[in-house]
Amino acid sequence: MAHKVLDFAHNVAARILRPGDAAVDATVGNGHDTRFLAERVGPGGQIWGFDVQAKALRRAHERLRDVSASVTLIRDSHASMAAYVAMPMRVALFNLGYLPGGSRAVTTTAESTITALEASWSLLTHDGRIVLVLYRGHPGGAEEARAVLDWAGGLGSASVVRFGFTGRGGAPPEALVVARRPSHGSR
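Sequential numbering from 28 applies to the sequence shown in our numbering.
And the structure:
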């Protein structure tokens with residue numbers, strides 16, 4: 028089920044990204060999403076990837092050896108995004124939770140994620156998207172998901188789409204897509 032939600036998130040990002048675009052992987056993890064973004068933006072594109080764990084960045088670096096996009100991996104919280112990214116981006120991708128294969132004690136948090144979302148929103152192009160995958164099954168995950176949904180719901184100038192599964196029991200993951208609403212004068 029998590030793969031279907033992540034596939035949805037990737038499909039949304041793939042439809043938005045163009046060669047030469049800028050994008051952020053707010054949660055590098057093992058580098059799969061970073062590579063996905065880098066392949067979409069190509070040689071003229073720019074990717075920034077954030078993770079607090081050196082182990083994650085080492086894995087991502089290995090996975091990115093043969094990509095042609097300019098990728099900057101940053102060992103810092105996604106909450107510090109505004110200090111590193113100074114140009115408009117078309118996609119910010121957040122795959123929240125913990126590092127697969129790593130310690131479940133090191134997770135994204137509601138506080139850091141909301142700070143990163145605020146930065147992403149201010150850096151997003153007029154036709155860009157913030158794409159998130161939310162996991163509720165780990166400690167702090169439900170609180171983080173609630174905070175993200177509250178944040179997105181409070182954006183008066185945004186369209187928000189939720190994708191997930193119901194009736195499955197447990198705490199299934201879901202995707203959230205946040206986009207700026209077009210102004211009345213634009214087409």
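Don't be surprised by glycine CBs; every beta carbon is placed ideally from N, CA and C.
Nothing here was measured: the structure is a model prediction, and the numbers come from that model.
- Counting only runs of 4+ residues, the alpha helix (DSSP H) found wholly inside the region 110-167 occupies 137-150, in chain order.
- Per the C-alpha coordinates, the member of Ala81, Gly155 and Phe192 positioned closest to Ala40 is Gly155.
- Taking the Cα positions, Gly183 is about 11 Å away from Ala206.
- Here Gln80 really is in contact with Val133; their C-beta atoms are around 6 Å apart, less than 8 Å.
- A residue is called buried once 16 or more other Cβ atoms fall within 10 Å of its Cβ, and Asn57 is buried on that count.
- Short of 7 Å from the beta carbon of Phe190, and not among the five residues preceding or following it, lie these beta carbons of its own chain, in chain order: Val32, Phe35, Glu201 and Ala202.
- Contact between Val94 and Ala65 holds, with the beta-carbon distance rounding to 4 Å and staying under 8 Å.
- For Gly124, same chain residues with a beta-carbon under 7 Å away, outside a window of 5 residues either side, are Thr134, Thr135, Tyr162, His165 and Gly168 in chain order.
- Under the three-state reduction of DSSP output, Gly47 falls in the coil class, being neither helix nor strand.
- Following the DSSP letters along the chain, one finds Arg92 in no beta strand (DSSP E), marked with neither H nor E.
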